[in-house]
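Okay, so here's the structure we're looking at.
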Amino acid sequence: RKGVVIVSKSVGVAEDELLMTVLDAGAEDLIDLGESFEVVSEPTDLVAVRTAVQAGGWDYESADATFLPSMSVDLDVEGAQKVFKLLEALEECDDVQNVFANFDVSDEVMAELD
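Numbering (the numbering used here), first residue to last: 16 to 129.
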């Protein structure tokens with residue numbers, strides 16, 4: 016499990032400034048997701064990281080303790096089709112609350128799926 020805080024770039028945060036702020040609070044990693052930043056920490060540091068983001072004057076989109084994969088699997092077109100079909104079925108099931116996965120789909124494979 017890891018603590019994950021998502022901070023939107025629309026709040027006007029600079030990557031370097033956010034990194035310096037959250038590192039002091041116990042963050043392990045800062046990942047650029049394109050439209051937002053993902054701050055990863057130990058679950059025990061989640062509240063401190065979230066508080067540091069707020070103290071920096073930025074709002075956060077979410078702050079949760081979640082499962083992150085330690086390894087990921089690259090999928091080909093056939094594998095991606097199967098996994099997406101399974102994920103769709105799981106999301107439609109009322110008994111399923113969360114789904115965690117450890118796969119990566121390259122841009123080339125995604126283009127073939129479209």
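For each residue, glycine too, the CB sits at the ideal point set by N, CA and C.
May I have the straight-line CA-CA distance separating residue i from residue j, to the nearest angstrom?
| i | j | result |
| --- | --- | --- |
| Val92 | Asp109 | 28 Å |
| Val68 | Glu123 | 35 Å |
| Ala70 | Thr59 | 18 Å |
| Ala80 | Ala126 | 32 Å |
Between the options, which lies nearest to residue i when the distance is taken from Cα to Cα?
| i | options | result |
| --- | --- | --- |
| Glu53 | Val19, Leu61 and Val120 | Val19 |
| Ala116 | Leu105, Asp129, Ala126 and Ser77 | Leu105 |
| Ser23 | Asp119, Lys97, Leu128 and Ala78 | Ala78 |
| Val64 | Tyr75, Ala42, Gly72 and Thr81 | Ala42 |
| Lys100 | Ser87, Ser85, Asp74 and Leu128 | Leu128 |
| Leu83 | Ile46, Leu38 and Asp39 | Ile46 |
With respect to the beta strand (DSSP E) encompassing residue i, which residues constitute its N-terminal and C-terminal limits?
| i | result |
| --- | --- |
| Glu53 | Ser51 to Ser56 |
| Asp47 | Ala42 to Asp47 |
| Val88 | Val88 to Leu90 |
Per the DSSP calculation, residue i is bridged to which residue(s)?
| i | result |
| --- | --- |
| Gly18 | Ser56 and Ala80 |
| Phe118 | Val88 |
| Ser23 | Ser51 |
For residue i, count neighbouring Cβ atoms within 10 angstroms of its own Cβ and tell me buried if that reaches 16, exposed if not.
| i | result |
| --- | --- |
| Val131 | In the structure as shown, the chain starts at 16 and stops at 129, and residue 131 therefore has no counterpart that could be examined. |
| Leu33 | buried |
Going by DSSP, what residue range makes up the alpha helix (DSSP H) through residue i?
| i | result |
| --- | --- |
| Asp8 | Here the chain has residues from 16 to 129 only, and residue 8 is not among them. |
| Val62 | Leu61 to Ala70 |
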